[in-house]
Amino acid sequence: MRLTTFSDYALRVLMYAGAAEGRLITIEETSRVYGVSRAHLMKVVNILTKTGYLKGVRGRSGGFTLAKRPAEINLGAVVRATEPDFALVECFATGNQCVITGCCRLPNVLNEALTSFVKTLDRYTLADIMLEERDFRMPGRPADETRGPDFAAAALRG
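In the working numbering, the protein residues as written are 15 to 172.
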């Protein structure tokens, strides 16, 4: 399973907003922290505001903050709100042209895997993955400390 970059950024924005503990943060600040373009973050913050996860404050000293307590922000719900379609393979998408649709068993297996993936996210809230604001200011953190598991390498090892 793989999330879109949009969902990845959405979860990271929420984590940073949660770490700020009510302090208004800006897109510019968040962009600097993560090294992500302002344009991408503007879209993410817009969707998170429209879906009720962030509260925006307009104006010169504006910014955004969490609209709910971290324990009320379900990770599965956030991903469902930010993932466009979960089309893991062609036959999941509209306009499917696959010639083996109807007799192929792969979609059943992938749908089961996707359901398990989202159900796992449903068990967690933002409070479960919260960091402290100081955690975002640790320059030079080795890349291997922040990477997820390397499933491909594990599969090759047997």
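No residue lacks a Cβ here, since even glycine has one placed at the ideal position from N, Cα and C.
The model shown is predicted, which means the values in this text are computed figures rather than measured ones.
9 Å Cβ cutoff met for residue i and residue j
i	j	result
residue 120	residue 103	yes
residue 84	residue 18	no
residue 62	residue 27	yes
residue 41	residue 79	no
Beta-carbon separation (whole angstroms), residue i vs residue j, contact threshold 8 Å
i	j	result
residue 23	residue 58	5 Å
residue 67	residue 47	Not confirmed; about 18 Å, so no contact.
residue 21	residue 115	Actually they are not in contact, since the Cβ atoms of residue 21 and residue 115 sit about 27 Å apart, beyond 8 Å.
residue 52	residue 45	5 Å
residue 147	residue 34	6 Å
Per-residue burial, residue i [other beta carbons within 10 Å of its own, 16 or more giving buried]
i	result
residue 32	buried
residue 77	buried
residue 140	buried
Strand pairing of residue i, partner residues [DSSP]
i	result
residue 181	This structure cannot settle anything about residue 181, because the visible part of the chain is limited to 15 through 172.
residue 39	78
Checklist entry - At what residue ranges does the region 70-151 contain a whole run of the beta strand (DSSP E), taking only runs of 3 or more? => result For the region 70-151, whole beta strand (DSSP E) runs of length 3 or above, ordered along the chain, are 77-80.
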